[in-house]
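Student: Heads up: the sequence shown at position 224 corresponds to 224 in the UniProt record's numbering, and the numbers run straight through without jumps. Cβ coordinates follow ideal geometry from the N, Cα and C atoms, glycine included.
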Amino acid sequence: MPDRQQDGSPPPDAGVAEGLSLIARAEQDGERTFRMLGREWKLLSGVFSPVLSYGTVFYSRAVPFPAGGRFLEIGCGAGVTAVQAALAGCEDVLAVDINPRAVANARLNAARHGATAVRTRVADVFAGLRGEGVFDGVFWNIPYVSLAADYVHTSPLSRAVFDIEHQGSRAYLSGVRDFLAHGGSAHVGLGNIGDLRALENIAAEYGWAVRLVATGAAEPDLHVEHRLYRLVDHDAHP
Ligand SMILES: C[S@@+](CC[C@H](N)C(=O)[O-])C[C@H]1O[C@@H](n2cnc3c(N)ncnc32)[C@H](O)[C@@H]1O
1 MPDRQQDGSP PPDAGVAEGL SLIARAEQDG ERTFRMLGRE WKLLSGVFSP
51 VLSYGTVFYS RAVPFPAGGR FLEIGCGAGV TAVQAALAGC EDVLAVDINP
101 RAVANARLNA ARHGATAVRT RVADVFAGLR GEGVFDGVFW NIPYVSLAAD
151 YVHTSPLSRA VFDIEHQGSR AYLSGVRDFL AHGGSAHVGL GNIGDLRALE
201 NIAAEYGWAV RLVATGAAEP DLHVEHRLYR LVDHDAHP
């Protein structure tokens, strides 16, 4: 990992190096089981590996799950956070991902842990979800690293770490309001290797400010700080 910049943040290309390394290690790993948060989980090949990033554990602990309410997770990957939400008492958990293998993986893990509240769907962010109504909590651990428009995704794993031209974050920030129940909360996870300035600017376009609510760093990627942001109405931001 290259040295840090004066303000403590990693240099701009550190995210690309981190993303490529994550993809390569996940491809080598393939299908496996792993222990996390006191449970054993299945990981299918081609799905974002919670084993290679502390982010999954961090967000599964830090996101405020609406017990008794409805929770929507975009980009569920292997389904750890969605299952934890169900086991924490959410009445209905909709776990969606653009990667059909991730959706199958989340379904497997929900069945494995008796998380009957978890439903799964293949979706590109919110596309096609209008009929699902509104949720008390919405969350996405988004692909951290922004790349320019000329980058072409080479695999589903690439989609899990790279966000081309901020398309994913824009779709989330522009659409999330329509899926929030009155009094509900929307969160987004982004690491310090991501482009916070871009996230803030896009959020502002859709009337949001991003408020940092928790940070965490631990092995296996201690050099990355994972950050949970809550979306608040721009006018309500101090
Ligand atoms: C950083 S991974 C997080 C996975 C999982 N939530 C976790 O924490 O282990 C991002 C996830 O978003 C999914 N994703 C990427 N682009 C998407 C899109 N446009 N719509 C829905 N899901 C997307 C990826 O397939 C990947 O599973």
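1) Please go through the segment 140-209 and give each complete beta strand (DSSP E) segment of 3 or more residues, from N-terminal end onward.
2) Which one of P143, G168 and T56 has the shortest CA to CA distance from R35?
3) Using only the alpha-carbon positions, how far apart do V96 and Q28 sit?
4) Distance, Cα to Cα, A198 vs H166?
5) Which same chain residues end up closer than 6 Å to F139 when comparing Cβ atoms and leaving out the 5 residues on each side of it in sequence?
6) Can you give the Cα-Cα distance for E225 and G19, rounded to whole angstroms?
7) Measuring only the C-alpha atoms, how far is L44 from D221?
8) Let me know the secondary structure DSSP gives V232 once reduced to three states.
9) Going by the DSSP bridge assignment, what does I74 pair with across the sheet?
10) Just mark residue 240 as buried or exposed, buried being the case when its beta carbon has 16 or more other beta carbons within 10 Å.
11) Candidates N99, I98, G216 and R112: which alpha carbon is nearest Q84's?
12) Given a threshold of 16 other Cβ atoms within 10 Å of its Cβ, counted over all protein chains shown, does D178 qualify as buried or as exposed?
13) Classify V152: buried if its beta carbon has 16 or more other beta carbons within 10 angstroms, exposed otherwise.
14) If I'm right that V47 touches V145 with Cβ under 8 Å, what's the distance once you round it to whole angstroms?
Tutor: Here's the rundown:
1) 145-147, 162-164 and 180-191
2) In the sequence shown, counting from the first residue as 1, residue 35 sits at position 35. Out of P143, G168 and T56, T56 has the C-alpha closest to the C-alpha of R35.
3) If you number the sequence shown from 1, residue 96 lands on position 96. If you number the sequence shown from 1, residue 28 lands on position 28. Approximately 25 Å between the Cα atoms of the pair.
4) Counting from 1 along the sequence shown, the entry for residue 198 is found at position 198. Counting from 1 along the sequence shown, the entry for residue 166 is found at position 166. The straight-line gap from Cα to Cα measures roughly 8 Å.
5) Counting from 1 along the sequence shown, the entry for residue 139 is found at position 139. Excluding residues within five positions, the ones whose Cβ falls inside 6 Å are V63, E73 and H187.
6) Within the sequence shown, the letter at position 225 stands for residue 225. Within the sequence shown, the letter at position 19 stands for residue 19. Near 14 Å, if we compare the C-alpha coordinates of G19 and E225.
7) Here the question's residue 44 lines up with position 44 in the sequence shown. Here the question's residue 221 lines up with position 221 in the sequence shown. So the two alpha carbons sit approximately 21 Å from each other.
8) Residue mapping note: residue 232 aligns to position 232 of the sequence shown, counting from 1. V232 falls in the strand class under three-state DSSP.
9) Numbered from its first residue, the sequence shown carries residue 74 at position 74. According to DSSP, which records beta bridges pairwise, I74 is partnered with V96 and W140.
10) Lying outside 1 to 238, the shown extent of the chain, residue 240 is not represented and no answer is given.
11) Here the question's residue 84 lines up with position 84 in the sequence shown. Here the closest residue by C-alpha is R112.
12) For this step, residue 178 is matched to residue 178 along the sequence shown. By the 10 Å Cβ count, D178 comes out exposed.
13) On the sequence shown, position 152 is the one that residue 152 refers to. Flag for V152 reads exposed.
14) Your numbering for residue 47 matches position 47 in the sequence shown. Your numbering for residue 145 matches position 145 in the sequence shown. Between V145 and V47 the Cβ distance is about 18 Å, and since that is not below 8 Å, they are no contact.
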